[in-house]
Amino acid sequence: MMIRLVVLLQLGISAAARAAEFVGGPYLCNPRMDGMTVGWVADAANAGEVEYGATEAYGKKAAITMCDRIVLAPGAKSERFACRARLRELTPGITYHYKVSGNGMNGERTGQFRIPQHKDPLLIVFQGDDYAISDLDVRFVEEKVGRPPDLLVDMGDTIQHGGDFYDFKHQLYRQIPLVLAEGNHETDWPDKLASPHHLDFEGRTEDKPEQVVDYGAARWVVGPYVKYSDDFTAEQLTWIEDQLQGTDRQWKFYACHHIFFSDGYHSVLKWGGPPEGQSRRASVWPLFMKYNVRIAFNGHDHVYQRSFPIDQNGGKTPEGTVNLDPSIGNSVRARQSPWMARFLRSGDDPKTRVKGVTYLYLNGDQAKVEFHTRPLENAKLEDFKPFDGFTFTPTRFNHDSLVPAEIPTGTAPARPPQP
Ligand SMILES: [Fe+2]
-5 MMIRLVVLLQ LGISAAARAA EFVGGPYLCN PRMDGMTVGW VADAANAGEV EYGATEAYGK
55 KAAITMCDRI VLAPGAKSER FACRARLREL TPGITYHYKV SGNGMNGERT GQFRIPQHKD
115 PLLIVFQGDD YAISDLDVRF VEEKVGRPPD LLVDMGDTIQ HGGDFYDFKH QLYRQIPLVL
175 AEGNHETDWP DKLASPHHLD FEGRTEDKPE QVVDYGAARW VVGPYVKYSD DFTAEQLTWI
235 EDQLQGTDRQ WKFYACHHIF FSDGYHSVLK WGGPPEGQSR RASVWPLFMK YNVRIAFNGH
295 DHVYQRSFPI DQNGGKTPEG TVNLDPSIGN SVRARQSPWM ARFLRSGDDP KTRVKGVTYL
355 YLNGDQAKVE FHTRPLENAK LEDFKPFDGF TFTPTRFNHD SLVPAEIPTG TAPARPPQP
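Be aware that the sequence shown starts at -5, since it is given in the numbering used here, and climbs by one per residue.
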């Protein structure tokens, strides 16, 4: 009896002394005009809570809304938990300060964010596949444009290729909310908990990843997941059209993982049907043009590639839509399409390999996209070099988007396409 009591006492003491440690974060996700999710990664479950407010005195509290065990790779043994708390009834234009601490969490971590007002300028940065952007990339964009980015849009597959992406170590995740389009690696990942842990399922469910995000001056339609050679269903096309016409936002963009117009190797792969993207672009491109979606953002091909503004057949037109895959990597170029304006693969030699950052800046009725490269390793701010840039309005592109490339468009494949 005495022995059992001692053991129980020891268990109680060790449980009380065991505080959770931060592994990563905090990070922001699921941004809306009136809400934000704060997430963090810890080595124990259900620890921590969020204090927040318009000053560093905070004043409000948000408890954990969900917490999942996550893994970083199949078979990984490390215990990691992603906890999220939803902050509701927020007001655009106010800078919110927040702190994650308490409730069994050791230490504290802070951050801040500001939901842009409807007519404010809006700055968006992008990532996807094997390229998660860094604090250096964000600093470069901030200096170039003169304001911090408001939003980070991720085209998916970062889960496998992005290394420690899901640890959210970079400072940028504390202040720039993440919108993520699901990729094939998230969908196919054997551990279901690895994929959706960054979400709190506001406005979407695990088996229905499409969502629509109004944030500042833009509406983001994050499309339904359609893989490989498949086409949209009639129901999915109706959903997309409903989202594109049911908004007062003058800027509308579409984001999904699988690309529509590609010169990468996925453009020649067939999965029992036509090459990837061919059916989908015939279905959805007329909707993009009808509802003034100026850019469809994709990933999947592990290169930077940007089409001219085009119609559904790839014909150039200032009233068309640009297809842009900003996920610079070292995959191959499988073809040279007449509609492709810029193409860059990063090279195979780590010493000469480049990465880069793409940003979209919306200011009134003017928009600008720029893509700058930098060395993969040991990069400094002065190392960034421009590779692509064009401008447009909500209804048409300017001439700079239609001029032929004056710079090398990347190399032809050194090896045959492969899945
Ligand atoms: Fe992919």
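Think of the CB as a built atom: it goes at the ideal place given N, C-alpha and C, for glycine as much as any other residue.
Buried/exposed call for residue i, threshold 16 Cβ in 10 Å
i: Thr85; result: exposed
i: Arg63; result: exposed
i: Arg82; result: exposed
i: Asp151; result: buried
i: Val397; result: exposed
i: Thr31; result: buried
i: Thr346; result: exposed
i: Asp359; result: exposed
i: Gly488; result: Residue 488 lies beyond the range of the chain shown here (-5 to 413); nothing can be said about it.
i: Gln299; result: buried
i: Asp319; result: buried
i: Ile170; result: buried
Inter-residue Cα distance where the pair is residue i and residue j
i: Ala13; j: Ala39; result: 10 Å
i: Asn392; j: Asn178; result: 34 Å
i: Arg80; j: Gly33; result: 9 Å
i: Val44; j: Ala228; result: 42 Å
i: Gly96; j: Arg103; result: 11 Å
i: Gly267; j: Val119; result: 34 Å
i: Tyr353; j: Met149; result: 14 Å
i: Gly217; j: Cys77; result: 26 Å
i: Asn286; j: Phe16; result: 44 Å
i: Gly293; j: His260; result: 11 Å
i: Gln237; j: Ile322; result: 29 Å
i: Pro369; j: Phe378; result: 8 Å
i: Phe365; j: Gly350; result: 7 Å
i: Lys54; j: Tyr21; result: 18 Å
i: Thr232; j: Phe226; result: 10 Å
i: His296; j: Gln330; result: 16 Å
i: Pro25; j: Pro303; result: 29 Å
i: Leu388; j: Thr311; result: According to the sequence provided, residue 388 is Pro. The question's Leu does not apply to it. Spanning the two alpha carbons is a distance of roughly 14 Å.
i: Val94; j: Asp305; result: 48 Å
Beta carbon proximity, residue i to chain D, threshold 8 Å
i: Leu84; result: As a matter of chain content, chain D is missing from the structure shown, which is built from one protein chain.
Anticipated Cβ contact below 8 Å, residue i with residue j, distance rounded
i: Asp129; j: Leu166; result: 5 Å
i: Phe337; j: Asp224; result: With a Cβ gap of about 25 Å, Phe337 and Asp224 do not count as contacting.
i: Leu117; j: Val139; result: 6 Å
i: Ile58; j: Gly42; result: 7 Å
*asked:* Does the contact criterion of 3 or more C-beta pairs under 8 Å hold for the segment 320 to 339 versus the segment 265 to 284?
replied: no
*Runs of beta strand (DSSP E) lying entirely within the segment 54 to 117, each at least 3 residues, in chain order*: The segment 54 to 117 contains, as complete beta strand (DSSP E) runs of 3+ residues, the segments 54 to 56, 60 to 64, 74 to 81, 89 to 96 and 99 to 108 (chain order).
*Taking one C-beta from the segment 21 to 37 and one from the segment 121 to 135 each time, how about it: are there three or more such pairs within less than 8 Å?*
no
_Runs of beta strand (DSSP E) lying entirely within the segment 190 to 266, each at least 3 residues, in chain order_ = 205 to 209, 212 to 216 and 245 to 249
*Please go through the segment 295 to 353 and give each complete beta strand (DSSP E) segment of 3 or more residues, from N-terminal end onward.*
298 to 301, 316 to 319 and 334 to 338
*Uninterrupted beta strand (DSSP E) stretches inside the segment 137 to 166 (no shorter than 3 residues)*: 145 to 148
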